[in-house]
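Accompanying notes for the structure given below.
In the numbering used here, the protein residues as written are 39 to 291.
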């Protein structure tokens, strides 16, 4: 009996090992910055080889792209390959604001490797906003797809207000970019794909604080500019607004 009690006592008095702290998980809000030499000597040439072999790519108005950041590129989104097409005329590497779901699954590492950071759709993601602000303060180039996801219909959907918020808070130029034909890339051999870079536009708040009306107006202005560069069949919810603007221009002439 005494031996049993001693064994029980030893068991209860045996020191409990402290739980091992888990390794810190990768902070996706700290986007990976691809070294310039890798981007220019490996990734960009591989991208151009892919474009040349699989599609007929036309880049329009490349002179609208500044040689240095900071600035925002705001583009419509038809295919995953848009993330590779957009930087085709952009000097240096870029950073992307991408939907949170893109970082899940087997290709999540690749999304992060391209310089993307997540944004939670349908809510005010303050972490994503801070990341965007910090990148622009460091004179980086930020790529945004204001629709929030790839178009399911192939036409332009309403833009999210995050674009207007970041543009107004940063005060950097916004380059509207229209892409069409990319929905056929890699599905149809030598598909015709066009990327058109619009004129830079800068938004400044009228007062000390950015208002909701200013955010919505800035977002709508960029989306209308994108729509105006797209063929009519791609303009979606902005088609009527573009037609009205074009008609007014004709009447003024």
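Where is the CB? At the ideal position from N, CA and C, for every residue including glycine.
message = What would DSSP say about residue 175, mapped onto helix, strand or coil?
response = Taking the chain shown and counting its residues from 1, the one referred to as residue 175 is at position 137. The answer is helix: DSSP assigns residue 175 an H, G or I state.
request  = Could you pull out every residue in the same chain whose Cβ sits closer than 8 Å to the Cβ of residue 171, ignoring the five residues on either side in sequence?
outcome  = For the purposes of this step, residue 171 is taken as the residue at position 133 of the chain shown. Contacts found: 204, 207, 208.
Cβ pair count under 8 Å reaching 3, the segment 132-140 against the segment 85-104 = no
ask   = Based on Cα-Cα distance, which residue from 180, 228, 243, 268 lies nearest to residue 217?
value = As a working mapping, residue 217 is identified with position 179 in the chain shown. For residue 217, the nearest C-alpha among the options comes from 268.
ask   = So, helix, strand or coil for residue 218, using DSSP?
value = Here the question's residue 218 lines up with position 180 in the chain shown. It is a strand residue.
query = Since residue 236 and residue 99 are thought to touch, with beta carbons under 8 Å apart, how far apart are those beta carbons, to the nearest angstrom?
reply = The residue labelled residue 236 in the question sits at position 198 within the chain shown. The residue labelled residue 99 in the question sits at position 61 within the chain shown. Contact flag correct, Cβ pair sits at about 7 Å.
query = If we ignore side chains and look at the alpha-carbon of each, how far apart do residue 226 and residue 249 end up?
reply = Taking the first residue of the chain shown as position 1, residue 226 is located at position 188. Taking the first residue of the chain shown as position 1, residue 249 is located at position 211. Distance between the alpha carbons of residue 226 and residue 249 is about 45 Å.
key: Presumed contact (8 Å Cβ cut-off) between residue 239 and residue 260, rounded CB distance   = As a working mapping, residue 239 is identified with position 201 in the chain shown. As a working mapping, residue 260 is identified with position 222 in the chain shown. About 7 Å separates the two Cβ atoms, so the contact holds.
key: Exposed unless 16 or more other CB atoms sit within 10 angstroms - verdict on residue 176   = What you label residue 176 is simply residue 138 of the chain shown in a count that begins at 1. Exposed, because fewer than 16 other Cβ atoms sit within 10 Å of the Cβ of residue 176.
request  = Please go through the same chain and pick out, in chain order, the residues whose beta-carbon is closer than 6 Å to the beta-carbon of residue 196, but skip the five residues on each side of it.
outcome  = Numbered from 1 along the chain shown, position 158 holds the residue referred to as residue 196. Answer for residue 196: 275, listed in chain order.
ask   = Looking at C-beta atoms only, is the number of pairs between the segment 252-266 and the segment 115-127 that lie closer than 8 Å three or more?
value = no
ask   = For the 8 Å Cβ check, are there 3 or more pairs between the segment 173-192 and the segment 110-118?
value = yes
ask   = On the three-state DSSP scale, how would you describe residue 291?
value = Along the chain shown, one-based indexing puts residue 291 at 253. Here residue 291 sits in coil by DSSP.
Alpha helix (DSSP H) segment containing residue 121, residue limits = The residue you call residue 121 lines up with position 83 of the chain shown. Taken as a continuous stretch (DSSP letters only), the alpha helix (DSSP H) holding residue 121 covers 120-123.
query = Residues in its own chain within less than 8 Å of residue 289 by CB, not counting five upstream and five downstream?
reply = To locate residue 289, count along the chain shown from 1; it is residue 251. Here the set comprises nothing.
message = Starting from residue 126, trace the beta strand (DSSP E) in both directions and tell me its first and last residue.
response = By 1-based counting over the chain shown, the position of residue 126 is 88. Looking at the DSSP string, residue 126 is not in any beta strand (DSSP E), and its letter there is neither H nor E.
request  = Mind reading off the beta-carbon distance from residue 69 to residue 154? Whole number of angstroms is fine, and I expect it under 8 Å.
outcome  = One-based indexing of the chain shown puts residue 69 at position 31. One-based indexing of the chain shown puts residue 154 at position 116. With 8 Å as the limit, residue 69 and residue 154 qualify as a contact, their Cβ atoms being about 6 Å apart.
ask   = Should residue 151 be labelled buried (16 or more other beta-carbon atoms within 10 Å of its own) or exposed?
value = As a first step, residue 151 must be located in the chain shown, where it is residue number 113. When all chains shown are included, residue 151 counts as exposed.
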